[in-house]
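Visitor:
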Amino acid sequence: MRNILAIAGKELRAYFYSPIAYLVMAFYTVLCGFFFYSFVATYQMESFRMQAMGGGMGAPPMNLNEYIIRPLFEGVLSVILLLLIPLITMRLYAEEKRAGTIELLATSPVTDGQIILGKFLGALSLFAVLVLLTFVYIGTLFVYGNPSFKPLLATALGYFLFGGALMSIGMWISTFTKNQIIAAGVSFAVLLLLYVVDWVSSYSFSTVGRVLAYIGVTTHFDNFAKGVIDLRDVVYYVSVIVLGLFLTARSVEALKGRAG
Amino acid sequence: MIEVEGLTKRYGATVAVSDISFQVQKGEILGFLGPNGAGKTTTMRVITGFLTPSEGSARVAGVDVVEKPLEAKRHLGYLPENPPVYPEMKVREYLTFVARIKGVARGEIKKRVEEVAEKCAVTDVQNRQIGKLSKGYRQRVGLAQALVHDPDVLVLDEPTAGLDPKQIIETRDLIRGLAGRHTIILSTHILPEVSKTCQRVLVINQGKVVAEGTPDELTRRLQGYETVLVTAEGPAPEIMDRLQQVGGVNLVEPREAADSRVTFEVHAEKGQDVRADLARAVVESGWKLFELKTSGLSLEDIFLKLTTKDLSEEPAAAHAAAVQ
C-alpha cells in the first residue's frame, strides 16, 4: 500500500508540475461552465413558457435533475472526457519509457501491480479534481433551486466509474509507445470507437447488435445520468477497469521479454 | 555476491548475450569492457531484473533474480546509462521518492537522503529542479538514487559516459570509494576507464566473454603478446622449464591443474607462432600433449575497436584532454 501511495503521489505531482493538469482543468472548466450555463438558460426559458402556456402557478416546476444534470453529464461531459482522458493517461507509461525512468521503477522492490495501481490512482485523483469542479457548478443549483440530492450521487458515482474505465484503457495504450502524442491519439480513437459502437444497435437488432450495444461505454451511463444505480452498469464499468489494468499488467510483463 | 550462470538473452532471432557466466566477490569492482552493442547493458538489465533471461540464471546476494525478484531488488542499486530522473522533480524530492519505493524505513528516509546527497555532492543543488541541472550533476543524482537504500550490490551502466574530464575523475574517485562496502559492476567501452577503477575486468564482445583478468594482465596481453594455452600431462615444473626454453617464448605461467594435467599460459613475442615448437617440445620430452590453442587473439581486435570507438565518439573529451 505504501508503494502504491508513493507512486500515486508522484504521478499526481507530475501532473501539477507540467502544464497538463492546468490545461486539462482550464479546458474542462470552460467547457463545463459554458454548457452548464446554456442548459440553465434553456431550462429557464422552457419553464417560463410552460407557465405562460399551461396550468399557471399550479403546474409542478420542471425537474432540475432531468433537464440540466442529465443532459449535462450524458450529452456533454461524457464527450469532453473522451478528449481529456487520453491527455491525462498518455504520459503514464509513454513518458517513463521515453525518459528511461521505467528502469528505476522496474528495478525497485515494488511489484508491477503496485506500479500500475499507483499510476491509475494518481490519474484518477486528477480526474476526481475535475469531478469536484463539476460539482461547483452543480452546487449553484442548490442555491437557487432544489434538485434531488440522491440521484445526483448516483450520477457522480457513474461519472467516476465512466472516467475510470476510459482511464484504464488509456493507460494500457500508453504502455505501447514512447511517444505521448501517439498514446493520446490511439487512446482517443479507441475510446471514440467504444463510445459510438452502440449506435449499431439502432439499425441492427441481431445478437451482434445487442453485444455491441453492451460493449458500448455510453450504454451503461444512461441509468447513472438519470440518477439510477443499476448493479449491471456498475459491474460493466468495474469489469472494464479491471480488464484495462489486467491488459496493462500483461503489456508491462511483455516489456521484460523484449525492451531494447 | 553476484553469480551469473549460463546467461543467454535473445530478442527474437538475435542473440544479445550468449552463455555468459561470472562471479563477483563481496566488495570487488568488476568492469565490463566491450564495444557498443556487445551485450553489456543487456547483461546488467538481466541482473537488475529489468529483463528476464532467456536461459541461465543470475543471483544477487544469493537470491535468484527471477524466482524472488523483490528480495533481489532490495539488494540492488542500479544506475542505467541515462540517469533515471524525473526532470520536473527537485533533487531532494526525487531522492525521497526513490527512498520510499526502495523500501527505506519511514523514519530513516530523511537521514538517508541527506547522507547520499552529501556523498554524491549534490547537497548544494538539492532544492533545484533536476531538469535544469548539468549532465554531471544529473549523473551524480542518478548515483545518489542508486545508493539511497544502501544496497549490497551496485550496477552502474557507463557511469562516466558524457561527462567532462574533471567530472570523470570525480566520478571514478567516488566509485572507488564505494568499493569494499558495496560490490560493484560497472560497464564501459573505454579501456583506460577499467584500469583506473576496476579490480577485475570482463571483456565482452558480441554477447560473449572473450577475456577475463585484472587490468594489468589485460594490458600486458595488449602490449604485444601472443598467448597460447598448453595442456599437458607430466611433471609440472619440468614442463614449465622446457616450454620456457622454446624460442620466442617470454613467459610461462601455470593456469590450472586438473587430475594430472596442467594448463600453462605461454606468452610469446608478437607476430610469432610458437605453437608448432611448443608441441614438439612437449612431445619430444615424452609428455602427453592434450590441448594447444591460442587465446586472446581476438582481444587485440576488440581493443582496437574500443580505442577507435572512443576517439570517434568523444572528440570533445579527447580535445579537452589534449588541451590539458
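Going down the list, the protein sequences come from chains A and B. Heads up: the first sequence begins at 231 in my numbering, then just goes up one per residue. Heads up: the second sequence begins at 371 in my numbering, then just goes up one per residue. Note that CB positions come from ideal geometry on N, CA and C, so glycine has one too.
(1) Under 7 Å between beta-carbons, which chain B residues line up against V340(A)? List them in chain order, please.
(2) What are the start and end residues of the beta strand (DSSP E) that includes N620(B)?
(3) What residues from chain B crowd round L233(A), counting only those whose CB sits closer than 7 Å?
(4) Are G550(B) and G397(B) close, meaning C-beta to C-beta below 9 Å?
(5) Quick one: residues in its chain with C-beta nearer than 7 Å to the C-beta of V427(A), no 5 flanking neighbours on either side, listed in chain order?
(6) Rounded to a whole number of angstroms, what is the C-alpha to C-alpha distance between I299(A) and I310(A)?
(7) Just reading off the beta strand (DSSP E) that R491(B) is part of, what are its end residues?
(8) Can you grab the Cα-Cα spacing for the pair G457(A) / T364(A), in whole Å?
(9) Pick out whichever of V598(B), K566(B) and E626(B) has its Cα sitting closest to the Cα of A646(B).
(10) L335(A) CB to nearest chain B CB: under 9 Å?
(11) What does the alpha-carbon distance come out to for the pair T422(B) and L322(A)?
(12) When you compare the CB positions of A271(A) and G352(A), do they come within less than 9 Å of one another, or not?
(13) Considering only DSSP beta bridges, list what K658(B) is partnered with.
(14) Helix, strand or coil, according to DSSP, for T448(A) in the structure here?
(15) Give every residue of the same chain whose Cβ lies closer than 7 Å to the Cβ of K443(B), excluding the five residues on either side of it in the sequence, and list them in chain order.
(16) Counting C-beta neighbours from all protein chains within 10 Å, is the total for R470(B) 16 or more, i.e. buried, or is it exposed?
(17) Determine which residues of the segment 455-479 of chain A have a Cβ less than 9 Å from any Cβ of chain B, and write them out in chain order.
(18) Bridge partners of A638(B), per DSSP?
(19) For chain B, is any of its Cβ atoms less than 9 Å away from the one on T448(A)?
(20) Closer than 7 Å by beta-carbon distance: list the chain A residues that pair up with R510(B), in chain order.
(21) Between D522(B) and M371(B), which are expected to be in contact by the criterion C-beta below 8 Å, what is the C-beta distance as a whole number of angstroms?
(22) In angstroms with no decimal places, state the Cα-to-Cα distance between L475(A) and N409(A).
(23) Pick out whichever of G604(B), E484(B) and T633(B) has its Cα sitting closest to the Cα of Q515(B).
(24) Any beta-carbon of chain B closer than 9 Å to the one on K349(A)?
(25) P450(B) versus chain A: which residues are under 7 Å apart at the beta carbon?
(26) DSSP beta-bridge partners for I372(B)?
(27) Between the C-alpha atoms of E623(B) and E587(B), what's the straight-line distance to the nearest angstrom?
(28) Counting pairs of Cβ atoms below 8 Å between the segment 385-393 of chain B and the segment 420-438 of chain A, do you hit three or more?
(29) From A455(A) to V492(B), what does the alpha carbon distance come to, in whole angstroms?
(30) Determine the direct distance from the alpha carbon of L387(A) to that of Y367(A), and round the result to whole angstroms.
(31) Could you name the residues of chain B that G375(A) contacts, counting a contact when the two beta carbons are closer than 9 Å?
(32) Give the range of the alpha helix (DSSP H) segment to which L449(B) is assigned.
(33) Pull up the DSSP beta-bridge partners for N575(B), would you.
(34) Can you round the beta-carbon distance between T474(B) and R482(B) to whole angstroms, since I take them to be within the 8 Å contact cut?
(35) So does the segment 373-383 of chain A actually touch the segment 338-356 of chain A, counting three or more Cβ pairs closer than 8 Å?
(36) Would you verify that the beta carbon of Y220(A) is, or is not, closer than 9 Å to some beta carbon of chain B?
Guide: Put simply:
(1) Position 110 of the first sequence, counted from the start, is the residue given in the question as residue 340(A). Simply I471.
(2) Numbered from 1 along the second sequence, position 250 holds the residue referred to as residue 620(B). It spans V619 to A628 - the beta strand (DSSP E) in which N620(B) sits, taken as one unbroken run.
(3) Walking along the first sequence from the start, residue 233(A) turns up at place 3. Note that residue 233(A) corresponds to Asn in the displayed sequence, not to Leu. Within 7 Å Cβ-Cβ: I471.
(4) Working through the second sequence from its first residue, we reach residue 550(B) at position 180. Working through the second sequence from its first residue, we reach residue 397(B) at position 27. Contact flag set, yes.
(5) Start at 1 with the first residue of the first sequence, and residue 427(A) comes out as number 197. These residues qualify, in order along the chain: L442, I445 and G446.
(6) Residue 299(A) sits at position 69 when you count from the first residue of the first sequence. Residue 310(A) sits at position 80 when you count from the first residue of the first sequence. For I299(A) and I310(A), the distance between alpha carbons rounds to 15 Å.
(7) Stepping through the second sequence from its first residue, residue 491(B) is reached at position 121. The sequence given here has Ala at residue 491(B), not Arg. Taken as a continuous stretch (DSSP letters only), A491(B) belongs to no beta strand (DSSP E), as it is neither H nor E.
(8) The residue you call residue 457(A) lines up with position 227 of the first sequence. The residue you call residue 364(A) lines up with position 134 of the first sequence. Computed Cα separation, rounded: 16 Å.
(9) Position 276 of the second sequence holds residue 646(B). Among V598(B), K566(B) and E626(B), the Cα nearest to that of A646(B) is on V598(B).
(10) Taking the first sequence and counting its residues from 1, the one referred to as residue 335(A) is at position 105. Chain B, which has a Cβ nearer than 9 Å to the Cβ of L335(A), makes this yes.
(11) Taking the second sequence and counting its residues from 1, one reaches residue 422(B) at position 52. Taking the first sequence and counting its residues from 1, one reaches residue 322(A) at position 92. Their backbone Cα atoms lie some 23 Å apart in a straight line.
(12) Taking the first sequence and counting its residues from 1, the one referred to as residue 271(A) is at position 41. Taking the first sequence and counting its residues from 1, the one referred to as residue 352(A) is at position 122. No, these two residues do not count as a Cβ contact at 9 Å.
(13) Counting from one through the second sequence, the residue named residue 658(B) turns up at place 288. Partner(s): E603(B).
(14) Working through the first sequence from its first residue, we reach residue 448(A) at position 218. Residue state, collapsed to three classes: coil.
(15) Counted from its first residue, the second sequence places residue 443(B) at position 73. Answer for K443(B): G419, listed in chain order.
(16) Indexing the second sequence from 1 puts residue 470(B) at position 100. Its Cβ being crowded by 16 or more others within 10 Å, R470(B) is buried.
(17) none
(18) In the second sequence, the residue the question calls residue 638(B) occupies position 268. For A638(B), which the question treats as bridged, DSSP gives the partners E596(B) and V619(B).
(19) By 1-based counting over the first sequence, the position of residue 448(A) is 218. No, T448(A) lies away from the interface with chain B (no Cβ there is under 9 Å from its Cβ).
(20) Position 140 of the second sequence, counting from 1, holds the residue named residue 510(B). Neighbours of R510(B) on chain A: none; closest Cβ ~16 Å, over 7 Å.
(21) As a working mapping, residue 522(B) is identified with position 152 in the second sequence. As a working mapping, residue 371(B) is identified with position 1 in the second sequence. Yes, D522(B) and M371(B) are in contact; Cβ-Cβ is about 6 Å, under 8 Å.
(22) Counting from 1 along the first sequence, the entry for residue 475(A) is found at position 245. Counting from 1 along the first sequence, the entry for residue 409(A) is found at position 179. Rounded to the nearest angstrom, the two C-alpha atoms are 20 Å apart.
(23) Stepping through the second sequence from its first residue, residue 515(B) is reached at position 145. It is E484(B) whose Cα lies nearest to the Cα of Q515(B).
(24) Counted from its first residue, the first sequence places residue 349(A) at position 119. So, not an interface residue.
(25) On the second sequence, residue 450(B) is found 80 positions in, with the first residue counted as 1. Result: G330 and E333.
(26) Residue numbering aside, residue 372(B) sits at position 2 when the second sequence is read from its first letter. Beta-bridge pairing links I372(B) to V394(B) and V430(B).
(27) Residue mapping note: residue 623(B) aligns to position 253 of the second sequence, counting from 1. Residue mapping note: residue 587(B) aligns to position 217 of the second sequence, counting from 1. In a straight line, the C-alpha of E623(B) is about 12 Å away from that of E587(B).
(28) no
(29) Counting from one through the first sequence, the residue named residue 455(A) turns up at place 225. Counting from one through the second sequence, the residue named residue 492(B) turns up at place 122. Their backbone Cα atoms lie some 53 Å apart in a straight line.
(30) Within the first sequence, numbered from 1, the residue matching residue 367(A) stands at position 137. Within the first sequence, numbered from 1, the residue matching residue 387(A) stands at position 157. Distance between the alpha carbons of Y367(A) and L387(A): 17 Å.
(31) Against the first sequence, residue 375(A) aligns to sequence position 145. By Cβ distance, chain B contributes nothing, its closest Cβ being about 43 Å from G375(A), past 9 Å.
(32) In the second sequence, the residue the question calls residue 449(B) occupies position 79. L449(B) -> not in any alpha helix (DSSP H); beta strand (DSSP E) instead, spanning L446 to L449.
(33) To locate residue 575(B), count along the second sequence from 1; it is residue 205. DSSP output for N575(B) lists K578(B) as bridge partner(s).
(34) The residue you call residue 474(B) lines up with position 104 of the second sequence. The residue you call residue 482(B) lines up with position 112 of the second sequence. Strictly speaking, residue 474(B) in this sequence is Val, with Thr absent from that position. Going by Cβ atoms, the distance from V474(B) to R482(B) rounds to 5 Å, so yes, they are a contact pair.
(35) no
(36) The first residue shown for chain A is 231 and the last is 490, placing residue 220(A) beyond what the model contains.
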